[in-house]
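Residue numbers (our numbering), protein chains in the order written: chain A, 1 to 64; chain B, 1 to 241. Structure first, commentary second.
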Amino acid sequence: MVKINGEMYDFAGKNITEMLTELDYNPVRVAVEVNFSIVTKAEYNDYKLKDEDSVEVVQFVGGG
Amino acid sequence: MDNFMNDNRDFGNNKLGVNPGMVLKNVLLKGDMLASLEGRVGKEKLDKLLNASVAVCGLGGLGSNIAIALARAGVGKLHLIDFDRVDISNMNRQQYFTDQLGMEKTEALSDTINRIAPYTEITTDFVRLDEKNVPVLLKDEDIICEAFDRPEAKAMLVETALKAFPDKYIVSGSGMSGFGSNNLIKTERRLSKLYVCGDMESDVFDESKPENSSLVSSRVLAAAAHEAHMIIRLIIGEEEP
């Protein structure tokens, strides 16, 4: 199981792009950290989630 | 602090340097202001603030207000970055004057901060930040302040800067549009080194929610104040949001 923003998901083996799509995030509006390290957009397709990974996703909205 | 008369730092756009009398007056003013600040916050905190450097990325409703708050609080070095000029549409919430319309925001805000807090050392870059220049332009500052308006740009800056500088803190803004309650605006630590300030939801570009399609000074200011205050707390050593 993979922990994403505090919730458990059966996402081991999925890449970051698949994870974001399934959870309805907009990939160009997020920052993603896996086990306290940043994963960049260029790495989303190749970065495979593993069992017991801990993921944080922050999605930004517009205005400033 | 005690040696302000010997202070020979370059104070940015200060154009008084040609007149020795004015130079002395200005040095005395800076000394008086720093003494006043020390009386309010104490030497230990003021030293931390004066030694701190912050990059303010985006000088709109968030960034212009944040930079002024940081300068007033005594933050010693500000790096102001924006690619835009002062426009009439900015005047509803951004800290510019009508006689600055058309100026580069970097130059206009430098001038204003020099008038408010002449002890602040300012550097500027009139440029659009991207994946390539972020690792170069933001390398010198302790703390990075994200103050853009487009969510894609916010995500780019946060991701690029956290990757390039794993030890730096980033304070960001997300969700401050519309006329919703200011009590919904808060500061959260969302990643190891990322704090996000705002209501996290109201999106000025979301056409399905026209109630959020405007930016109101009193609400943008609340989010800007959250960002500035978190930066100040980090500088004095407080990591709790």
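All C-beta atoms, glycine included, are put in the ideal place defined by N, C-alpha and C.
Exercise. Residues of the stretch 165-178 of chain B with a CB closer than 7 Å to any CB of chain A: list them in chain order, please.
Key: 173, 174, 175, 176 and 177
Quiz item: Where does residue 238 (chain B) land, buried or exposed, given buried means 16+ other C-beta within 10 angstroms?
Solution: Of the residues assessed, residue 238 (chain B) falls on the exposed side of the cut-off, its CB having fewer than 16 other CB atoms within 10 angstroms.
Quiz item: Straight-line CA distance for residue 110 (chain B) to residue 59 (chain B)?
Solution: One C-alpha to the other measures close to 11 Å.
Quiz item: Got a sec: is the Cβ-Cβ distance from residue 155 (chain B) to anything in chain A below 8 Å?
Solution: Interface criterion met: the Cβ of residue 155 (chain B) is under 8 Å from a Cβ in chain A.
Self-check item: CB contact below 8 Å: residue 16 (chain A) versus chain B
Solution: no
Quiz prompt | Expected contact under 8 Å - CB spacing of residue 78 (chain B) and residue 41 (chain B) to nearest Å | solution = Their Cβ separation, rounded to whole angstroms, is 18 Å, which puts residue 78 (chain B) and residue 41 (chain B) out of contact at 8 Å.
Quiz item: DSSP beta-bridge partners for residue 85 (chain B)?
Solution: According to DSSP, residue 85 (chain B) bridges with B:104.
Quiz item: What does residue 150 (chain B) touch in chain A if you count any residue whose Cβ is under 7 Å from its own?
Solution: 62
Self-check item: Buried versus exposed, by CB contacts within 10 Å (16 or more), residue 21 (chain A)
Solution: exposed
Practice problem: Taking only beta-carbon positions, decide if residue 56 (chain A) is within less than 8 Å of chain B. | Solution: Closer than 8 Å to the CB of residue 56 (chain A) there is at least one CB belonging to chain B.
Practice problem: Evaluate contact between the stretch 118-137 of chain B and the stretch 67-85 of chain B, counting only Cβ atoms and requiring at least three cross-stretch pairs below 8 Å. | Solution: yes
Exercise. Can you pull the chain B residues whose beta carbon is under 9 Å from the beta carbon of residue 86 (chain A), in chain order?
Key: A question about residue 86 (chain A) goes unanswered here, because the residues of chain A that appear run from 1 up to 64.
Quiz item: How many angstroms separate the CA atom of residue 73 (chain B) from the CA atom of residue 29 (chain B)?
Solution: 16 Å
Quiz item: residue 191 (chain B) bridges to which residues according to DSSP?
Solution: Partner(s): B:194.
Quiz item: Closer than 8 Å, CB to CB, is residue 4 (chain A) near chain B or not?
Solution: no
Quiz item: Is residue 173 (chain B) helix, strand or coil by DSSP?
Solution: strand
Quiz prompt | Three-state class that DSSP yields for residue 124 (chain B) in the structure shown | solution = When secondary structure is reduced to three states using DSSP, residue 124 (chain B) falls in the strand class.
Quiz item: What residues of chain B sit near residue 33 (chain A), judged by a beta carbon separation below 7 Å?
Solution: 191 and 192
Quiz item: How big is the Cα-Cα spacing for residue 117 (chain B) and residue 69 (chain B)?
Solution: 10 Å
Quiz item: Ends of the beta strand (DSSP E) at residue 3 (chain A)?
Solution: Unbroken beta strand (DSSP E) run through residue 3 (chain A): 2-4.
Practice problem: Closer than 8 Å by beta-carbon distance: list the chain B residues that pair up with residue 40 (chain A), in chain order. | Solution: 159, 160 and 163
Exercise. Step through the CB atoms of chain A and report whether any lies within less than 8 Å of the CB of residue 82 (chain B).
Key: The beta carbon of residue 82 (chain B) does not come within 8 Å of any beta carbon belonging to chain A, so the residue lies off that interface.
Quiz item: If the cut is a Cβ gap below 9 Å, which residues of chain A does residue 196 (chain B) touch?
Solution: 58 and 60
Quiz item: For residue 142 (chain B), which of B:47, B:231 and B:24 has the nearest alpha-carbon?
Solution: When each option's Cα is compared against that of residue 142 (chain B), the closest is B:231.
Practice problem: Determine the extent of the beta strand (DSSP E) in which residue 84 (chain A) is found, giving its start and end residues. | Solution: With chain A covering 1 to 64 only, the question about residue 84 (chain A) has no answer from this structure.
Quiz item: Taking the alpha-carbon positions, what's the residue 60 (chain A) to residue 179 (chain B) distance?
Solution: Their backbone Cα atoms lie some 19 Å apart in a straight line.
Exercise. Please check the pair residue 224 (chain B) and residue 24 (chain B), which I expect to be a contact at CB under 8 Å, by giving their CB distance rounded to whole angstroms.
Key: Distance from residue 224 (chain B) to residue 24 (chain B) at the Cβ level is roughly 35 Å; contact not present, criterion being Cβ atoms closer than 8 Å.
Quiz item: How many Å lie between residue 304 (chain B) and residue 128 (chain B) at the Cα?
Solution: Not covered by the structure: residue 304 (chain B). The range shown for chain B is 1 to 241.
Quiz item: Do we get a CB-CB distance below 8 Å when we pair residue 203 (chain B) with the residues of chain A?
Solution: At least one chain A Cβ lies under 8 Å of residue 203 (chain B).
Self-check item: Residue interval of the alpha helix (DSSP H) (run including residue 208 (chain B))
Solution: Looking at the DSSP string, residue 208 (chain B) is not in any alpha helix (DSSP H), and its letter there is neither H nor E.
Quiz item: Below 8 Å between beta carbons: does that hold for residue 193 (chain B) and residue 162 (chain B)?
Solution: yes
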